[in-house]
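Asks: Sequential numbering of the sequence shown, starting at 0, is according to numbering that gives the first Met the number 0.
Encoded as structure tokens, here's the structure I'll be asking about.
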Amino acid sequence: MRNYQILDTPPEKAFDDLVRLAAYICGTPVSLVSLIDADRQWFKAKTGFEGIESTSRDLAFCQYAMLAADVFEVEDTTKDPLFQNNPLVTSDTNIRFYAGAPLVTPEGQPLGTICTLDTVPRRLSEQQREAMRILAREVVSHLELRRARLQLEQEQQKLDGLLRMANDAAESMYLVSRAEIFIKQEHKLLRVRTEDIRYVEALGDYVNIYTGRERFTVYSTMKELEGKLPVREFARVHRKYIVRLDRIVSIEADAALVDTGRGTEAANLMPVPIGNSYKNALLSRLNLV
């Protein structure tokens, strides 16, 4: 029963429709989808029996019907020694007739019944008994579909979690590997830490890379350089500019004031234009309050 994750769940139309159909076919005022756990019977769906959501398992007719090989029928409860003293018979509930078809899983495990009740004695016809068998199979089919859907959702959540972990690990490795870049300068390679880069400026076929106190000019494109910088730390703000996010001091109008790390405080700030097509993406990267 736990595998189906169904106990104490809200009503569902598929099950409600089946109990309404059972009551209609059998001509009874009450019909239930009753599920049995260790201590109680709980009604996943019901028509009639208003105000009652569950009963003790000791009182449940369904605990016997669920173990039956076929539709379990009690024509007159007052004449049946097994039920004549049952509080559901002797109290205002006044059950006189009961018929239940067992709900049996594909593995052969009984879960409960779809049952129909009345306050007067009666007997089902063979056509009504066959309808109850069919309805019981339908209930089990819906339980199986519901379980399969839940399992799929859980597997999808697990897969999503694994993908997030894999992406985080890959991104972490990616960022570590890109914590520095090598720049060709005068026939030699210089190591530049990406955390030292303040902003990047395109200049024709060349790109200027500005660190705290130096400028490096390399033959490259903005797109190529953008792909070599840690994506979490840098943002393209203009077709000609890339800036390091933690070096943005303020944004005024259509420019970002970037701390260049040069000289006095006033000389430190470099206005970098923000292109209209980049503005929304930049703002989404900032921790706005």
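Backbone N, C-alpha and C fix where the C-beta goes; we use that ideal spot for every residue, glycine too.
For clarity, every value in this text was computed on a predicted model and none was experimentally measured.
Quick check on LEU291: does DSSP put it in helix, strand or coil?
Replies: Nothing about residue 291 can be reported from this structure: the residues present for the chain run from 0 to 288 only.
Asks: State buried or exposed for LYS227, treating a residue as buried only when at least 16 other CB atoms are found within 10 Å of its CB.
Replies: The residue is exposed, with fewer than 16 neighbouring Cβ atoms inside 10 Å.
Asks: Can you tell me which of GLY274, VAL138, ALA252, TYR218 puts its alpha carbon nearest to the alpha carbon of VAL242?
Replies: It is GLY274 whose Cα lies nearest to the Cα of VAL242.
Asks: Note down, in chain order, each residue of its chain lying with its Cβ closer than 6 Å to the Cβ of THR259, except the 5 sequence neighbours on either side.
Replies: Within the same chain, THR259 has close Cβ partners ARG197, ASN267, MET269.
Asks: Within this structure, are the beta carbons of ARG235 and TYR277 separated by less than 7 Å?
Replies: Taking 7 Å as the Cβ cut-off, ARG235 and TYR277 qualify as a contacting pair.
Asks: By the 10 Å Cβ neighbour count, where 16 or more other Cβ atoms means buried, how is THR230 classified, buried or exposed?
Replies: This sequence places Val at residue 230; Thr is not what is there. VAL230 comes out exposed.
Asks: Can you check the stretch 129 to 158 for any alpha helix (DSSP H) of at least 4 residues that lies completely inside it and give the ranges in chain order?
Replies: The stretch 129 to 158 contains no whole alpha helix (DSSP H) run of 4 or more residues.
Asks: Check whether the Cβ atoms of PRO101 and MET65 lie closer than 7 Å to each other.
Replies: Going by C-beta atoms, PRO101 is nearer than 7 Å to MET65.
Asks: Give the straight-line distance between the Cα atoms of PHE82 and TYR63, rounded to the nearest whole angstrom.
Replies: In a straight line, the C-alpha of PHE82 is about 11 Å away from that of TYR63.
Asks: Does the stretch 112 to 123 come into contact with the stretch 5 to 13, if we say contact requires no fewer than three beta-carbon pairs (one atom in each stretch) closer than 8 Å?
Replies: As far as the Cβ criterion goes, the stretch 112 to 123 does not touch the stretch 5 to 13, which means the pair count is below three.
Asks: Does GLY211 pass the burial test, meaning 16 or more other C-beta atoms within 10 Å, or should it be called exposed?
Replies: Exposed: under 16 other Cβ atoms inside 10 Å.
Asks: So which of THR89, ALA44, GLN126, GLY111 has the shortest CA-CA distance to VAL61?
Replies: According to the sequence provided, residue 61 is Cys. The question's Val does not apply to it. Closest by alpha carbon: GLY111.
Asks: Nearest to ARG121 by alpha carbon, out of ILE133, SER140, VAL139, ARG95?
Replies: Minimum Cα distance to ARG121 is reached at ARG95.
Asks: So the alpha helix (DSSP H) ALA21 belongs to, where does it begin and stop?
Replies: It spans 12 to 25 - the alpha helix (DSSP H) in which ALA21 sits, taken as one unbroken run.
Asks: Using 7 Å as the threshold, is the C-beta distance between GLU125 and ALA98 below it?
Replies: Their beta carbons are not under 7 Å apart, which means GLU125 does not touch ALA98 by this criterion.
Asks: If I measure Cβ to Cβ from SER249 and keep anything under 6 Å in the same chain, skipping five residues before and after, which residues do I get?
Replies: Once the five neighbours on either side are set aside, the close Cβ partners of SER249 are LEU256.
Asks: Secondary structure at ASN2, three-state DSSP: helix, strand or coil?
Replies: Correct three-state label for ASN2: helix.
Asks: Just to confirm, are ASN207 and GLU213 a CB contact at a threshold of 7 Å?
Replies: The answer is no: Cβ separation not under 7 Å.
Asks: Pick from ALA67, THR89, ASP69, ARG148: whose alpha carbon is nearest that of ASP75?
Replies: Checked all of ALA67, THR89, ASP69, ARG148; the closest Cα to ASP75 is THR89.
Asks: Determine the direct distance from the alpha carbon of GLU154 to that of GLU179, and round the result to whole angstroms.
Replies: For GLU179 and GLU154, the distance between alpha carbons rounds to 39 Å.
Asks: Among residues of its own chain, excluding the 5 on either side of GLU137, which ones have a beta-carbon nearer than 8 Å to its beta-carbon?
Replies: Excluding positions up to five away in sequence, the list reads LEU17.
Asks: Counting C-beta neighbours from all protein chains within 10 Å, is the total for LYS45 16 or more, i.e. buried, or is it exposed?
Replies: Burial call: buried.
Asks: Helix or strand or just coil, what does DSSP make of ASN207?
Replies: ASN207: strand per DSSP, three-state reduction.
Asks: Please name the residue in ARG128, THR92, PHE215 whose C-alpha comes closest to that of ALA68.
Replies: Of ARG128, THR92, PHE215, the residue nearest in Cα terms is ARG128.
Asks: CB PHE233 to CB ILE182, shorter than 7 Å?
Replies: No, Cβ-Cβ distance for PHE233 and ILE182 is not below 7 Å.
Asks: Taking the alpha carbon of LEU31 as the reference point, which residue from PRO86, ARG145, PHE14, GLU152 has its own alpha carbon closest?
Replies: The residue with the shortest Cα to Cα distance from LEU31 is PHE14.
Asks: How about MET0 and ASP36: are their beta carbons less than 7 Å apart?
Replies: It is a contact, given that the beta carbons lie within the stated cut-off.
Asks: If we ignore side chains and look at the alpha-carbon of each, how far apart do GLN108 and THR92 end up?
Replies: For GLN108 and THR92, the distance between alpha carbons rounds to 30 Å.
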